[in-house]
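Notes follow once the structure below has been shown.
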């Protein structure tokens, strides 16, 4: 792995106007081309959509990419999306890195487009440098205990417990009070059906 | 309720509390304490003999205190399990000289005064949190004279009075004279939508609950007159507008305006309500027999004991309800995998929405249980025993007990239990010899980011370490809310602020960083239990070392920002932007000169450093 | 054992007294500006901070 030649692909997302409305994404893409080991740069209107993801897969095959940097939104939303995407193209999902230029840049600096573009370039540089050091990882899987704990025996807890138990799983329903029922049990009728609560 | 009681797959543990939860998605372990009931629930036939002889009478909580119950009682007729419970606080005692009558008459001999309760541990794959909410207490602000006038009651009290199983057998009577009230008023938004009294948000259910109650009155008493005082009527759900219209058609008067004053006629105990009708702009007076306060809903607060939220390390939004993993896309998921929300613990909601959300939460949990296995992100710690000096630090700092202890005498190295490791990286940051490495958040990766950020124009940048769960998400929240702040911040994401190794900070200063911010979760929100306390200790250590070396400690800042605190995130960035301008190039150059003479981590013992660099 | 100690806020320079227990790490918040950059005040600064000396006392 250490001797492998690094081939980084950078995918800059416009996110419609969300990113491109503030950040000069063409400029960011041009800048990315000059970063170390970057061999492919692609700009997309919506990278998370199928056409955008296909561009990534295509570029991985075409340029034998072994690192992918997606310049788009927060990894808290789309990291799983792009990890799957690169995995489908045969790349280890941990060799994908995201630069968050939407939540952390275009949306919070739309009054200063120039500075936002400069910051975006910095975020890409940082992401590419991190990507160059990424290593493939194997996820381990662990068995799941076939039981659920439901805390609270009000109407929500009761419903959840029944669903889970009807699904065939052991349920422990814990209620602080001496009976289940919660607040609902103290009601006479419930709207909109005007029927009995118990 | 009955379905739960007889379902073979549900073990119902009432009178019980969750005390501790350990483990991780798919493999939790919960410790549950069953508090003493003093009645063997399985044997109790609910024959009522015990209660009949019990000499103690106390207000009945279920009936909102309108009637009394005994010290040994059934909470309500349909209770599940259908078993009595002894309220030890009010019981006279078991000694024959004191009382003990219930035990004497119990044929099944199921009263056990020595019940100590029990503690059981259960392994579970998933957890659904459905701990609900609490109802606003109008006593706190003497809302509309609630504490002074007996005929001012809450909507919850009304429920009991109109209920066939209630203290008045369903005959609506007013508390002072047990006469059926003819003129009934309702006040909306009591304890809701107020910046000063109760909570600022809309409690969701109170409008429709009042609409329902006016309909109930008219069903029972055609000649009653009902008046609702409101700000807005929120009848937004399916079928709600119909009910609202029916209520109006039945003659209920809706007056837009909340009462400014409520007085009691001392003779008749009637209530005189003064209100500005904002539709007409006129001041009105209403004489009423009874006034019902539509009280709002509040999140549970802890009272000394650890709450379920604390046990599970759940964060809260600013309204005090639990924070979801994503408000739109993962509305029933907790940020911690394997934990889901149902009902009012997430936000005030009615029965239908609670049921809907509970089904959704169950479906999420079923996904997990049905799969039978769970993949864990490859972000765990790795230990290379070659450099290990068996100092024991890693075992001590690990918040999830995933590192077995080393033993110097027996030459036994510590080892990492991968299934339990949550990937916070505190061990890697604290290890004095760099024996522990983190998958996917390696030293090399993080240092490369530090270098990239400081490569150009470093004086204009605030190098910031942000934890994945809170401060990074707080930055996302600032973005989603479009809060504007200066573009000087550069974030480096780690799973936990506990990962921020001293050497990252020193490396940044060595490369000329003017200002470094370490940010993470508030102590109560830390997703790795107490890992964040190690962050603070470490930052304090660096501050004191900076001071010794002649570097201004203020250039290293610390901030706890929750995922919900987008506002705070933006404010901190604005404040630090001001600070940035006070750091001079000369000061930065001086720092670089000072650090040139220092080891990678100034002050770290020579042997450790030698081992680390060997 | 908790004792009263002086703290300084590294954000706004506010100084104040608060309980301190060496054994217990608690979240600290400056009562003046709300920042968490709160440091136990050192008895005597070892060296004069380098660089622009105005900065250390600048009011945030």
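Protein chains in written order, with our numbering: chain A, 1436 to 1633; chain B, 29 to 642; chain C, 3 to 62.
Using N, Cα and C, we set each Cβ at its ideal position, and we do this for glycine too.
As the structure is a computational prediction, the values presented were derived from the model and not from experiment.
Helix, strand or coil at residue i [DSSP, three-state]
i	result
residue 585 of chain B	strand
residue 216 of chain B	strand
residue 26 of chain C	coil
residue 56 of chain C	Legend: pLDDT at residue 56 of chain C = 47, less than 50; position of this residue unreliable, value from coordinates given subsequently. Three-state result, residue 56 of chain C: helix.
residue 62 of chain C	Low confidence applies to residue 62 of chain C: its pLDDT is 35, below 50, so where it sits in the model is not reliable, and the reading given next is rough at best. Residue 62 of chain C falls in the coil class under three-state DSSP.
residue 1488 of chain A	helix
residue 314 of chain B	strand
residue 544 of chain B	strand
residue 1407 of chain A	Coverage of chain A is limited to positions 1436 through 1633, which leaves residue 1407 of chain A absent and any answer about it impossible.
residue 418 of chain B	coil
residue 354 of chain B	strand
residue 499 of chain B	helix
residue 638 of chain B	At residue 638 of chain B, the pLDDT of 49 sits below 50, so the modelled position is not reliable and the matter cannot be decided from this model.
residue 443 of chain B	strand
residue 423 of chain B	helix
residue 207 of chain B	coil
residue 1453 of chain A	helix
residue 16 of chain B	Because residue 16 of chain B is not part of the residues shown, which for chain B are 29 to 642, the question remains open.
One or two residues paired with residue i in a DSSP bridge
i	result
residue 1583 of chain A	A/1606, B/154
residue 8 of chain C	C/19
residue 55 of chain B	B/52
residue 25 of chain B	With chain B represented from 29 up to 642, any question about residue 25 of chain B goes unanswered, as that position is not in the structure.
residue 255 of chain B	B/213, B/281
residue 168 of chain B	DSSP output for residue 168 of chain B lists no bridge partner at all.
residue 1444 of chain A	A/1475, A/1503
Test: residue i CB closer than 8 Å to a CB of chain B
i	result
residue 1576 of chain A	yes
residue 1617 of chain A	yes
residue 13 of chain C	yes
residue 1439 of chain A	no
residue 44 of chain C	yes
residue 1467 of chain A	no
residue 1641 of chain A	This structure cannot settle anything about residue 1641 of chain A, because the visible part of chain A is limited to 1436 through 1633.
residue 1444 of chain A	no
residue 7 of chain C	no
residue 21 of chain C	no
residue 25 of chain C	no
residue 1630 of chain A	no
residue 1586 of chain A	yes
Within-8 Å CB hit, residue i to chain C
i	result
residue 581 of chain B	yes
residue 565 of chain B	yes
residue 626 of chain B	no
residue 403 of chain B	no
Near the ligand MN: residue i beta-carbon under 7 Å from a heavy atom
i	result
residue 310 of chain B	Absence of the ligand MN is noted for the structure shown, with no ligands found whatsoever.
Residue closest to residue i, alpha-carbon to alpha-carbon, out of the options
i	options	result
residue 486 of chain B	B/216, B/546, B/516	B/516
residue 1452 of chain A	A/1489, A/1545, A/1604, A/1512	A/1545
residue 1524 of chain A	A/1506, A/1597, A/1489	A/1489
residue 428 of chain B	B/348, B/66, B/558	B/558
residue 31 of chain B	A/1627, A/1605, A/1597	A/1597
residue 574 of chain B	B/352, B/410, B/530	B/530
residue 207 of chain B	B/179, B/228, B/217	B/179
Cβ of residue i within 8 Å of any chain A Cβ
i	result
residue 518 of chain B	yes
residue 379 of chain B	yes
Closer than 8 Å to chain E by CB, residue i
i	result
residue 37 of chain C	In the displayed structure, chain E is absent; the protein chains listed are A, B and C.
Taking contact to mean 3 or more Cβ pairs, one atom from each stretch, closer than 8 Å, check whether the region 107 to 127 of chain B and the region 32 to 46 of chain B are in contact. Judged by Cβ distances under 8 Å, the region 107 to 127 of chain B makes contact with the region 32 to 46 of chain B, as three or more pairs qualify.
Are the region 550 to 567 of chain B and the region 499 to 508 of chain B touching, with three or more C-beta to C-beta distances below 8 Å? Segment contact: the region 550 to 567 of chain B against the region 499 to 508 of chain B, fewer than three CB-CB distances shorter than 8 Å; contact not assigned.
I want to know whether the region 1554 to 1561 of chain A touches the region 474 to 487 of chain B - three or more CB-CB distances under 8 Å. Using a C-beta cut-off of 8 Å, the region 1554 to 1561 of chain A makes contact with the region 474 to 487 of chain B, since at least three inter-stretch Cβ pairs fall below that distance.
Do three or more CB pairs link the region 442 to 461 of chain B to the region 1549 to 1558 of chain A at distances below 8 Å? No, they do not touch.
Does the region 49 to 59 of chain B touch the region 397 to 411 of chain B, meaning 3 or more C-beta pairs lie closer than 8 Å? With a cut-off of 8 Å, the region 49 to 59 of chain B and the region 397 to 411 of chain B count as touching, because enough Cβ pairs lie within range.
Stretch-stretch touch, CB-based, cutoff 8 Å, three pairs: the region 125 to 138 of chain B with the region 153 to 171 of chain B: Fewer than three beta-carbon pairs drawn from the region 125 to 138 of chain B and the region 153 to 171 of chain B are found closer than 8 Å, and the two stretches are therefore not classed as touching.
Closer than 8 Å is the cut-off here; do at least three beta carbon pairs connect the region 1581 to 1597 of chain A with the region 344 to 364 of chain B? Too few Cβ pairs lie closer than 8 Å, so no.
Examine the Cβ distances between the region 1613 to 1633 of chain A and the region 179 to 197 of chain B and report whether three or more of them are shorter than 8 Å. Between the region 1613 to 1633 of chain A and the region 179 to 197 of chain B, the count of Cβ pairs shorter than 8 Å is three or higher; the stretches touch.
Tell me whether the region 438 to 450 of chain B and the region 1513 to 1532 of chain A touch, counting them as touching only if at least three CB pairs, one residue from each stretch, are closer than 8 Å. Not touching, per the Cβ criterion.
Segment contact, 8 Å Cβ cut-off, at least three pairs: the region 469 to 478 of chain B with the region 559 to 579 of chain B: Pairwise C-beta distances place the region 469 to 478 of chain B out of contact with the region 559 to 579 of chain B, as fewer than three of them are shorter than 8 Å.
Counting beta carbon pairs with one atom in the region 527 to 545 of chain B and one in the region 578 to 586 of chain B, are three or more of them shorter than 8 Å? Three or more Cβ pairs closer than 8 Å define a contact, and the region 578 to 586 of chain B meets that threshold against the region 527 to 545 of chain B.
Counting Cβ pairs, one atom from each stretch, are 3 or more of them under 8 Å apart for the region 329 to 345 of chain B and the region 286 to 303 of chain B? Judged by Cβ distances under 8 Å, the region 329 to 345 of chain B makes no contact with the region 286 to 303 of chain B, as fewer than three pairs qualify.
Specify whether the region 342 to 352 of chain B and the region 588 to 606 of chain B touch according to this definition: at least 3 beta carbon pairs, one from each stretch, less than 8 Å apart. Result yes; three or more Cβ-Cβ pairs closer than 8 Å.
Could you check whether the region 1563 to 1577 of chain A touches the region 1448 to 1465 of chain A, counting it as contact only if at least three pairs of C-beta atoms, one from each stretch, sit closer than 8 Å? Output reads no: the region 1448 to 1465 of chain A does not touch the region 1563 to 1577 of chain A.
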